[in-house]
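In our numbering, the protein residues as written are 29 to 237.
Where is the CB? At the ideal position from N, CA and C, for every residue including glycine.
Predicted, not measured: the structure shown is a model, and the values here were computed from it.
Everything below concerns the one structure shown next.
Spelled out as structure tokens, the structure:
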């Protein structure tokens, strides 16, 4: 005998009881496999979310355009400093739509107003109350904070010409719109599209009524 390490050349002896069991090895492999599958699932989910977000962004840019509102003519619906999206895809004018026109706004930039009268409509404004009537029916306007005659130098009643629309700002007291002869009714071909989404400020984000 040459001491404790003589028979093994001085190397440490690994006892059978120190070796991991077959069951322990299998459990460790299963835990590793589960972690690997979880990581792959999370990576797949993240990739899917990124791809979907990119597709949605590309579609939005294709069919919609961003626009900063620079005046309060459409307040309280759209106040100055609001970022909106407007869409021109397959657009046909409809009463109540908030639209963007190539006609220059008196405040500068593109004119953003709400369609009140369509071609052939008779639009009347009461010079005392500011009530708007279309084809003899008083218009219910819950998007207006208060009715007012505002900057009006046209006749009390307007017959909207073919191919044109009658527009008003939601801020009836100061907005410049079809009530002014200098603006009048807008040719349909000047309409770039409908404003449908508020993006900023975040607390006001959502669909445009």
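With DSSP as the reference, identify every bridge partner of residue i, one or two as the case may be.
| i | result |
| --- | --- |
| residue 236 | In the DSSP output, where bridge partners are listed per residue, residue 236 has none listed. |
| residue 194 | 145 |
| residue 150 | 187 |
| residue 114 | 93, 223 |
| residue 215 | 192 |
| residue 121 | Beta-bridge pairing links residue 121 to no other residue. |
| residue 165 | 162 |
| residue 102 | 106 |
Using the Cα positions of residue i and residue j, report the straight-line distance between them to the nearest angstrom.
| i | j | result |
| --- | --- | --- |
| residue 49 | residue 71 | 33 Å |
| residue 68 | residue 75 | 10 Å |
| residue 234 | residue 114 | 13 Å |
| residue 133 | residue 77 | 40 Å |
| residue 181 | residue 102 | 20 Å |
| residue 65 | residue 227 | 38 Å |
| residue 94 | residue 213 | 25 Å |
| residue 56 | residue 62 | 10 Å |
| residue 157 | residue 108 | 26 Å |
| residue 161 | residue 73 | 54 Å |
| residue 223 | residue 167 | 21 Å |
| residue 169 | residue 125 | 12 Å |
| residue 219 | residue 163 | 23 Å |
| residue 229 | residue 112 | 10 Å |
Can you say whether residue i is buried or exposed, counting buried as having 16 or more other CB atoms within 10 angstroms of its CB?
| i | result |
| --- | --- |
| residue 192 | buried |
| residue 210 | exposed |
| residue 130 | exposed |
| residue 196 | buried |
| residue 194 | buried |
| residue 79 | exposed |
| residue 183 | exposed |
| residue 92 | buried |
| residue 97 | buried |
| residue 53 | exposed |
| residue 29 | Caution applies to residue 29, whose pLDDT of 49 falls short of 50 and renders its modelled position unreliable; the model cannot decide the point. |
Residue i: which of the options sits nearest, CA to CA?
| i | options | result |
| --- | --- | --- |
| residue 99 | 77, 136, 122, 213 | 136 |
| residue 200 | 92, 106, 176 | 176 |
| residue 207 | 125, 91, 186 | 186 |
| residue 188 | 91, 230, 170, 216 | 216 |
| residue 139 | 52, 231, 203 | 203 |
| residue 179 | 230, 205, 111 | 205 |
| residue 141 | 164, 150, 163, 172 | 172 |
| residue 231 | 123, 106, 121 | 106 |
So residue i packs on residue j, CB below 8 Å; how close in whole Å?
| i | j | result |
| --- | --- | --- |
| residue 221 | residue 152 | That belief does not hold up - the Cβ atoms of residue 221 and residue 152 are roughly 28 Å apart, past 8 Å. |
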